[in-house]
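**Q**
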């Protein structure tokens, strides 16, 4: 009798368990989704804050403008710097070349300096004298302001006409 | 009866576990993954905002003076790029300018080569037979001249493509064309001519030069390049490149220099400057 009386209540309780179980699972899901929604809103707010910051204080844009300013200025100055430095270097070499002779010269301007190649003729029957004369010229070349580097081929080649020896010089000069 | 109960209990547990697993796999796990991603994103953004704020406090924003400097430089650049209807119009402008320059600098003989084509073999003001000498010399130098032409588009050496590519030009497309100037004159006049070559509207930049001193005339050829804006389709129009390609070759984007207002003194404007008079061998001979 007692068993029979308790049975329906136990059955009811037992039939509620699946519902309670599913509800608890759904509550967990709900909490997780709520957390995700809140965090998503946080991220959105921070994104807007960052975008507003970049918009009101556009550091990269200003840096790009400054880069462009310097580059434009360099671009506008470059042709005149190349022309003047090239002409002036050749003028200065002409100033120190005597008694030797500049037979040929080539100038290759780069972005920050220019490379040059010279063929220098020396009139002398004696190789040592030719070497000595050339050494004097080479020292003077190194002293030209703006010449940052100079080297020559150690062996002189036979030159045309009166120029018995020809020395090949190469070097670099900075913009003036 | 007991066995049936056990089976039912077992099935109950199995069913519950299946439901739990379905929730976990289909909902909780992806949600937790998203939560992790969002947490990382939030952390990144917070850090970015903090860094940006710190950066902005050390950054000098432009004032009116700096803005006017930007605008002026932009105008200077637009002025430096010669506008032309087409390549032929630019060639004509170049020829006029070079001939005027040669006359002004008293260059007795000058020729201009547009890639392979020889133009104006003689401007001749003096010396019979000079033009022949010049033409013969051009023939001998032709291979070297062509090599000079080939380096005109070396973007590593001349990164203007990158520098100018970000600019919007309403007057046309940016074009770049090499020209070879061959001249024969006494050395002082020739050096003056070389110096003056960039002074004109074409803003020629020398790419390669060869000079053979001589008596009474020295000879030189110069491969130069001119940038211009062309309205009609051009064989020399520069290809559109993204601003990032070749950009910042001249200025490091991380340079602390960019945090301060621009200082025009860092890249001083080069003014037209005459050469001091020659005093060397050629002038004495």
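Residue numbers (our numbering), protein chains in the order written: chain W, 18 to 193; chain H, 593 to 877. Cβ atoms here follow ideal geometry from the backbone N, Cα and C, with glycine treated the same way. All of these numbers come straight from a predicted model, not from anything done at the bench.
#1: Does the CB of residue 157 of chain W have a neighbour CB from chain H at under 8 Å?
#2: Three-state secondary structure (DSSP) at residue 813 of chain H?
#3: Could you spell out the range, first to last residue, of the alpha helix (DSSP H) harbouring residue 94 of chain W?
#4: Helix or strand or just coil, what does DSSP make of residue 742 of chain H?
#5: Using a Cβ-Cβ cutoff of less than 7 Å, which residues in the same chain neighbour residue 686 of chain H once the five nearest sequence positions on both sides are dropped?
#6: From the beta carbon of residue 776 of chain H, is the nearest beta carbon of chain W less than 8 Å away?
#7: Bridge partners of residue 190 of chain W, per DSSP?
#8: Do you know how far the Cα of residue 98 of chain W is from the Cα of residue 172 of chain W?
#9: Counting contacts by CB-CB distance shorter than 8 Å, is residue 124 of chain W in contact with chain H?
#10: Residue 132 of chain W to residue 74 of chain W, Cα distance in whole Å?
#11: Quick one: Cα of residue 57 of chain W to Cα of residue 843 of chain H, how far?
#12: Residue 103 of chain W and residue 137 of chain W: beta carbons closer than 8 Å?
#13: For residue 786 of chain H, name the three-state secondary structure that DSSP assigns.
#14: For the stretch 40–72 of chain W, list every residue whose C-beta sits within 8 Å of some C-beta in chain H, in sequence order.
#15: Using a Cβ cut-off of 8 Å, which residues of the stretch 141–157 of chain W contact any Cβ in chain H, in chain order?
#16: So, at 8 Å on beta carbons, what are the nonlocal neighbours of residue 653 of chain H in its own chain, with the 5 sequence-adjacent residues on each side left out?
#17: Any C-beta of chain W within less than 8 Å: which residues of the stretch 689–704 of chain H qualify?
#18: Closer than 8 Å, Cβ to Cβ, to anything on chain A: give me those residues from the stretch 646–678 of chain H, in chain order.
#19: Compute the Euclidean distance between the alpha carbons of residue 43 of chain W and residue 611 of chain H, then round it to the nearest angstrom.
#20: In angstroms, rounded to a whole number, what distance separates the CA positions of residue 186 of chain W and residue 170 of chain W?
#21: Residue ranges of each alpha helix (DSSP H) run of no fewer than 4 residues wholly in the stretch 600–664 of chain H, ordered along the chain?
**A** The relevant details are as follows:
#1: no
#2: strand
#3: 76–114
#4: helix
#5: 771, 794, 818
#6: no
#7: W/131, W/164
#8: 34 Å
#9: yes
#10: 44 Å
#11: 40 Å
#12: no
#13: helix
#14: 42, 45, 46, 49, 50, 52, 53, 56, 57, 59, 60, 63, 64, 66, 67, 70, 71
#15: none
#16: none
#17: none
#18: Absent here is chain A; the protein component of the structure consists of chains W and H.
#19: 11 Å
#20: 7 Å
#21: 621–649
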